[in-house]
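Sequence lines, in order, name chains Y and S.
Residue 170 in our numbering sits at position 170 of the first sequence, with consecutive numbering throughout.
Heads up: take any position in the second sequence, counting from 1, add 1000, and you land on our numbering.
A short write-up of the structure that comes next.
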Amino acid sequence: MAERLRMVEAVRDTLDAELARDDSVVVYGEDVGRVGGVFRATQGLINDYPDRVFDTPVAEAGIIGTGVGLAATGMKPVAEIQFQSFLYQGFHQLAQHVARIRSRSRGTITCPMTIRMPYGGGIHALELHSESYEAGFSHLPGLQVVFPSSPAETKGLLTSAIRDPDPVIFMEPTRLYRSFREEVPDQHKIPLGEARVVEFGDDVTVVAWGSMLRKTLDAVNDVEASVEVIDPRTLYPLDTQTIVESVKKTGRCVVVHEAPKTAGMGGEITARINEEAFLYLEAPVERVTGYDVPVPLFAREDDYLPDEDRIRNGISRALEFG
Amino acid sequence: MPQEDVAQFTVRSVQVLAEDETVDDELVPELTDDQLLDLYEQMKRSRRLDERGIALQRRGELGTYAPAIGQEAAQVGSAYALADDDWLVPSFREQAALLTHGTDPEQILQYAMGMEEGAEIPGGKGALPPAIPVGSQPLHAVGIGWGEALQDRDTIAITYFGDGATSEGDVYEAFNFAGVSDSQTVFICQNNRYAISTGVEKQTKAKTLAQKAIAAGIEGVQVDGNDVLGVYRVAREAVEKARNGNPVLIEALTYRRSMHTTSDDPTAYRGHEEEAEWELRDPILRFQVFLENREILDEETEGTIDERIESELADAIDQANKERQAIDPADMFRFVYDDMPSELEQQSDAFEEGVEGDTDG
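This is the structure:
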């Protein structure tokens, strides 16, 4: 039976279901136990699964590194990093071990680990609580990088992530945690690596994920043209085909992300469109992104983040070219 | 409120077989003559593998190689305390420990020849592949010891690292995590005096590295790392404690008698006099005298052991060389994901076509 849930509740609901389904799932991280995480995404789980939900020391390398060992013994670690920027303190474990253990042991040792973390701006948080380092994760072979954009998507994608035999970075947009409710089916699984066409259109393709998808949907309400909106859902593996097919139809594309522009995923998506649909393009691929600056404190945060106006301007540039 | 001392600590240090060949009979571990000979043979096997490894590297047949010469007692003595299904989580210099725990010399050579086959664990259990970053792997051992405990098994993980690694944050995180999770883990710090060229006195102001356990609330103990009986004794105790969820850090005082790796030149940072001094404390030499004094080892047995090692190593080198000739480079695509993403499949197909194209001329 479907329930109307917020995104943060969908996270909790999924963790609960997976803990119940599979005894090898273990949920851990700083503050995930008694208080249920700083966003309450794990609230109450410790009461039902006291042996598999743990508060850990505040040590990101420890949280990620122990996952390699837990996985080696047959557990399925689901770790929470409190905010994406704190992952930097454990990035070496991710890059040097989690992402590589399968290939360097030729598949004899694997790491079916899910690392959940809130990311992104728009909630007036402290410094280093608003980043989205998705391109860095997508650049590491061995990882999968997943972005839910709604409560139902969260359930479907997180279920797949936890059951996946390889490590998954699960980026939860903080801004959407409590912003709206939607029906979330009990049993729901969305395969990783498949994009979703959220709105169909013929004039221009807009690719956006996570919280930027919501902004994009708001923005295109006021656009005269017929806009096709695509949520890739996973940045690695990236469903290039769905994007390319759409661009072949529309001839124009805008990529929206809140991470900095340089070396961001917008560049990668543009390159793939060039490789596979160059002759269909009627305009250069536009990028609407954060700037190449550290995410500012909240007094300037709204000026940094792409908003509806910037997205609409990007769409206009793509439509008006030539 | 008056001032008072709220905590006091001591660090125990153990030695069974001293440099001058005196033996503390009360501390000699209960091992049969065959087991004692086994310890000796494992140390020699590792020594010869390292000597051959250096020679092969010089001839261009191996990549960079990190010999464990001088550290055999610390590694063999500790790994000998493990049960077959216990986990061994090495750094990149643990040939002696791995051989003792059942890894084939051929696999060690394969890794040094640049093949992932050498990092593959037969059966998927028993040891993790070498860890090249400094000090990252103790956390994996803690995860293993934690996972085993969660599944109500008494299997433990033992992990090896050097004195330099204790300066890394991950190593402290590992001690601390192990303590709070009652992880079934034994930490072996081989204090071999040097982190490449940096002496241990520049690594820390602490008097011992064993005391680094104290801040994490776990037991720390020091042992003469060139005394294989002492190391075995301490490791045996630690392994039993770990099986009950009490992690232990062992600091084995030893000396890396050769280079950090084949790319290193130790003459740049230490003198001949120091090296000569440690040559006299060599773990194999010391144990050999012990075995001879007890009439467990004679020239004939030594000859048999040496011959066996030489023939095994010759076979292993042959075999590894043959496998190197037969590697399939497209393997690099096959083990990144369980289910190969389509974009990777495209890259793999393009690679295979390129290889075929080249062959076709």
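All residues carry an ideal CB built from backbone N, CA and C; glycine is no exception.
Please identify, using Cβ separations under 7 Å, the residues of the stretch 21–43 of chain Y that lie next to chain S, in order along the chain.
For the stretch 21–43 of chain Y, which is checked against every Cβ of chain S, the residues closer than 7 Å are V26.
Which partner residues does G1220/S have in the DSSP bridge list?
Here residue 1220/S is taken as the residue at index 220 of the second sequence, counted from 1. L1249/S, per the DSSP bridge assignment.
Between R252/Y and T289/Y, is the Cβ-Cβ spacing less than 8 Å?
Taking the first sequence and counting its residues from 1, the one referred to as residue 252/Y is at position 252. Taking the first sequence and counting its residues from 1, the one referred to as residue 289/Y is at position 289. Result no, Cβ atoms of R252/Y and T289/Y do not sit closer than 8 Å.
Quick one: does R163/Y have its CB under 8 Å from some CB of chain S?
As a position in the first sequence, residue 163/Y is number 163, starting the count at 1. Taking Cβ atoms only, chain S never reaches closer than 8 Å to R163/Y, which makes this a no.
Roughly how many whole angstroms lie between the Cα atoms of R272/Y and I243/Y?
Along the first sequence, one-based indexing puts residue 272/Y at 272. Along the first sequence, one-based indexing puts residue 243/Y at 243. Whole-angstrom Cα-Cα distance: 9 Å.
For A20/Y, count neighbouring C-beta atoms within 10 Å of its own C-beta (all shown protein chains included) and say buried if the count is 16 or more, exposed if not.
Residue numbering aside, residue 20/Y sits at position 20 when the first sequence is read from its first letter. The residue is exposed, with fewer than 16 neighbouring Cβ atoms inside 10 Å.
Under a CB-based cut-off of 8 Å, is I269/Y close to chain S?
The residue labelled residue 269/Y in the question sits at position 269 within the first sequence. Not one chain S Cβ lies under 8 Å of I269/Y.
If we define contact as Cβ-Cβ less than 8 Å, is I109/Y a contact residue for chain S?
Residue numbering aside, residue 109/Y sits at position 109 when the first sequence is read from its first letter. I109/Y counts as touching chain S.
Short of 6 Å in beta carbon distance, which residues of its chain neighbour V255/Y, apart from the five on each side in sequence? Order them along the chain.
In the first sequence, counting from the first residue as 1, residue 255/Y sits at position 255. Contacts found: V207, G266, I269, R287.
Kindly list, in the order they appear in chain Y, the residues whose Cβ is closer than 8 Å to that of N1176/S.
Looking up residue 1176/S in the second sequence gives position 176. Within 8 Å Cβ-Cβ: P57, A59, G62.
Given a cut-off of 8 Å, decide if E258/Y and P296/Y are closer than it, judged by their beta-carbon atoms.
One-based indexing of the first sequence puts residue 296/Y at position 296. One-based indexing of the first sequence puts residue 258/Y at position 258. Contact: no.
Taking A1119/S as the reference, give the member of V1134/S, D1154/S, L1098/S with the closest Cα.
On the second sequence, position 119 is the one that residue 1119/S refers to. The shortest Cα separation from A1119/S among V1134/S, D1154/S, L1098/S belongs to L1098/S.
Against chain Y, with Cβ distances strictly below 8 Å, would P1341/S count as a contact?
Against the second sequence, residue 1341/S aligns to sequence position 341. It does: the Cβ of P1341/S has a partner Cβ on chain Y nearer than 8 Å.
What is the DSSP secondary structure of T1267/S, counted as helix, strand or coil?
As a first step, residue 1267/S must be located in the second sequence, where it is residue number 267. In the structure shown, T1267/S sits in a helix (DSSP, three-state: H, G or I).
Using a C-beta cutoff of 8 Å, does V1016/S count as contacting chain Y?
Reading the second sequence from its first residue, position 16 is the one you call residue 1016/S. V1016/S does not count as touching chain Y.
Between Q1203/S and Q1075/S, what straight-line distance do the alpha-carbon atoms span, to the nearest angstrom?
Position 203 of the second sequence holds residue 1203/S. Position 75 of the second sequence holds residue 1075/S. Approximately 22 Å, taken between the alpha carbons.
Measure the C-alpha to C-alpha separation of V1336/S and G1230/S and round it to an integer number of angstroms.
The residue labelled residue 1336/S in the question sits at position 336 within the second sequence. The residue labelled residue 1230/S in the question sits at position 230 within the second sequence. V1336/S and G1230/S: Cα-Cα distance of roughly 43 Å.
What residue ranges within the stretch 183–212 of chain Y form continuous beta strand (DSSP E) runs of no fewer than 3 residues, ordered along the chain?
Runs found: 196–199, 204–208.
From this set, V1134/S, S1136/S, P1105/S, P1133/S, which residue's C-alpha is nearest I1121/S's C-alpha?
If you number the second sequence from 1, residue 1121/S lands on position 121. For the residues V1134/S, S1136/S, P1105/S, P1133/S, the minimum Cα distance to I1121/S belongs to P1105/S.
Is V1184/S helix, strand or coil by DSSP?
As a position in the second sequence, residue 1184/S is number 184, starting the count at 1. Just to set this straight, residue 1184/S is Gln in the shown sequence, not Val. Q1184/S: coil per DSSP, three-state reduction.
Any beta-carbon of chain Y closer than 8 Å to the one on Y1337/S?
Position 337 of the second sequence holds residue 1337/S. So yes, Y1337/S belongs to the interface.
Closer than 7 Å: is that where the CB of L279/Y sits relative to any heavy atom of the ligand GTP?
Among the components modelled here there is no ligand, and therefore nothing to report on the ligand GTP.
In three-state terms, what does DSSP make of Y1194/S?
Taking the first residue of the second sequence as position 1, residue 1194/S is located at position 194. In this structure, Y1194/S counts as strand in the three-state DSSP scheme.
Cα-Cα, which of P191/Y, R175/Y, Q144/Y, S150/Y is closest to I169/Y?
Here the question's residue 169/Y lines up with position 169 in the first sequence. Of the listed residues, the one whose Cα sits closest to I169/Y is Q144/Y.
Is it buried or exposed, V1006/S, if we count other Cβ atoms within 10 angstroms and call 16 or more buried?
By one-based count along the second sequence, residue 1006/S stands at place 6. Exposed, because fewer than 16 other Cβ atoms sit within 10 Å of the Cβ of V1006/S.
Out of E1168/S, L1209/S, W1278/S, which has the shortest C-alpha to C-alpha gap to T1010/S?
Within the second sequence, residue 1010/S is the residue found at index 10, counting from 1. When each option's Cα is compared against that of T1010/S, the closest is L1209/S.
Which value, in whole angstroms, describes the spacing of the CA atoms of P57/Y and A1127/S?
Counted from its first residue, the first sequence places residue 57/Y at position 57. Counted from its first residue, the second sequence places residue 1127/S at position 127. Roughly 26 Å separates the two Cα atoms.
Cβ of T42/Y within 8 Å of Cβ of V53/Y?
Against the first sequence, residue 42/Y aligns to sequence position 42. Against the first sequence, residue 53/Y aligns to sequence position 53. Cβ atoms of T42/Y and V53/Y: closer than 8 Å.
Which chain Y residues are close to D1170/S, counting only those with a beta carbon under 7 Å from its beta carbon?
Start at 1 with the first residue of the second sequence, and residue 1170/S comes out as number 170. The contacting residues are A61, G65.
Short of 9 Å Cβ to Cβ, which residues in the stretch 239–266 of chain Y face chain S?
Residues D239, T240, Q241.
Assign Y1269/S to buried or exposed, taking buried as 16 or more other Cβ atoms, counted over all protein chains shown, within 10 Å of its Cβ.
One-based indexing of the second sequence puts residue 1269/S at position 269. It is exposed - the Cβ of Y1269/S has fewer than 16 other Cβ atoms within 10 Å.
E1148/S and T73/Y - do their beta-carbons sit closer together than 8 Å?
Along the first sequence, one-based indexing puts residue 73/Y at 73. Along the second sequence, one-based indexing puts residue 1148/S at 148. Result yes, Cβ atoms of T73/Y and E1148/S sit closer than 8 Å.
Is any beta-carbon of chain Y found at less than 8 Å from that of V1180/S?
In the second sequence, counting from the first residue as 1, residue 1180/S sits at position 180. Chain Y, which has a Cβ nearer than 8 Å to the Cβ of V1180/S, makes this yes.
Exposed or buried, G1060/S, counting other C-beta atoms within 10 Å across all chains shown (16 or more means buried)?
Along the second sequence, read from residue 1 onward, the residue named residue 1060/S stands at position 60. Burial call: exposed.
Please determine, among R34/Y, G36/Y, M7/Y, D51/Y, the residue with the shortest C-alpha to C-alpha distance to D23/Y.
The count along the first sequence starts at 1 and reaches residue 23/Y at position 23. Considering only alpha carbons, the answer is D51/Y.
If I measure Cβ to Cβ from M1259/S and keep anything under 6 Å in the same chain, skipping five residues before and after, which residues do I get?
By 1-based counting over the second sequence, the position of residue 1259/S is 259. Excluding residues within five positions, the ones whose Cβ falls inside 6 Å are P1266.
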